[in-house]
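In the UniProt record's numbering, the protein residues as written are 1 to 207. These notes are about the structure you will find just below.
Below, the structure written as structure tokens:
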């Protein structure tokens, strides 16, 4: 299976690297970072740079695409090179996936009309603009489109995808290999469980 993860200015690193780590461990899977032109692309914190080793044109028909989100997502909604590649690649993919606000780019590519999808909790209403049906689930599978909620949910999405694309034993083996056994110290990972005032502070971090 050939996986392509598109990078654009100010993506969120974990959105890309979380699924990359899961899928790169899977036997027979190859994961490639792509961009409009091969080369370095810097994340939304301005301190981490990943290298895209292929261009969109150089990878037109991957089996799987994983579109990350980030603080730069809204800036590239009108990037026709990116959304055009997503739309054209989707015609040939086995799976088309996104993490966090990456689902907004699936929407901008015209892929979510009437489709149940999720994204970061703070952006769910924006999904409606693309005709999607927003849901507050961590991972949503609709046909071959799989969307994940915010940032860390990309790891869950990739494991779920791997189980569907191969088998549960393979996904479980990868989960154990990367020792993904989350035990968060707080229950503030959702606006439903976060203490009063935390949501407002969290939104300030996303500005």
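Built from N, CA and C at the ideal position, the CB exists for glycine as well.
query = So the alpha helix (DSSP H) residue 74 belongs to, where does it begin and stop?
reply = DSSP places residue 74 in no alpha helix (DSSP H); its state is neither H nor E.
request  = Please state whether DSSP places residue 19 in a helix, a strand or coil.
outcome  = In the three-state reduction of the DSSP assignment, residue 19 falls in the helix class.
task = Over the uninterrupted alpha helix (DSSP H) stretch that includes residue 155, give me the two end residues.
result = Segment 153-165, the alpha helix (DSSP H) holding residue 155.
key: Integer Cβ distance of residue 3 from residue 66, believed to fall under 8 Å   = Contact holds; Cβ gap of about 6 Å.
request  = Identify which residue in 44, 93, 143 and 203 has its Cα closest to the Cα of residue 64.
outcome  = Nearest C-alpha to residue 64: 93.
message = On a Cα-Cα basis, can you pick out the residue from 189, 180 and 154 that is closest to residue 12?
response = Looking from the CA of residue 12, the closest CA among 189, 180 and 154 belongs to 154.
ask   = So residue 96 and residue 106 are in contact, right, with Cβ under 8 Å, and what is the actual spacing, rounded?
value = Between residue 106 and residue 96 the Cβ distance is about 7 Å, and since that is below 8 Å, they are a contact.
ask   = Distance, Cα to Cα, residue 52 vs residue 114?
value = Rounded to whole angstroms, residue 52 to residue 114 spans 32 Å at the Cα level.
request  = Have a look at residue 28 and residue 158 and give me their C-alpha separation to the nearest angstrom.
outcome  = So the two alpha carbons sit approximately 15 Å from each other.
request  = For the alpha helix (DSSP H) holding residue 114, just list the boundary residues, first then last.
outcome  = From DSSP, residue 114 is part of no alpha helix (DSSP H); its letter is neither H nor E.
request  = Name the residue from 90, 102, 98 and 151 whose alpha carbon lies nearest to the alpha carbon of residue 77.
outcome  = The candidate whose alpha carbon is nearest that of residue 77 is 102.
query = Secondary structure at residue 98, three-state DSSP: helix, strand or coil?
reply = Correct three-state label for residue 98: strand.
message = Need the endpoints of the alpha helix (DSSP H) that residue 205 sits in, please.
response = Run containing residue 205: 198-205, per the alpha helix (DSSP H) assignment.
message = Taking only three categories from DSSP, how would you classify residue 285?
response = No information on residue 285 is available, as it lies outside the stretch 1 to 207 that the chain covers here.
task = Assign residue 40 to buried or exposed, taking buried as 16 or more other Cβ atoms, counted over all protein chains shown, within 10 Å of its Cβ.
result = Taking all protein chains shown into account, residue 40 has fewer than 16 neighbouring C-beta atoms within 10 Å of its C-beta and is therefore exposed.
ask   = Of all the options 14, 7, 23 and 15, which has the alpha carbon lying nearest to the alpha carbon of residue 164?
value = Closest option to residue 164, Cα to Cα, is 23.
task = Leaving aside the five residues before and after residue 9 along the sequence, list all residues of the same chain whose C-beta is less than 6 Å from its C-beta, in chain order.
result = If you ignore the 5 residues before and after residue 9, its C-beta comes within less than 6 Å of the C-beta of 72, all in its own chain and listed in chain order.
request  = Measure the Cβ-Cβ separation of residue 89 and residue 36 and say whether it is below 8 Å.
outcome  = Not in contact: residue 89 and residue 36 (Cβ atoms no closer than 8 Å).
task = Rounded to whole angstroms, what's the CA-CA distance from residue 130 to residue 137? Just pull it up for me.
result = Their Cα atoms are separated by approximately 18 Å.
ask   = Thinking C-alpha only, which one of 31, 174 and 112 is nearest residue 146?
value = Among 31, 174 and 112, the Cα nearest to that of residue 146 is on 112.
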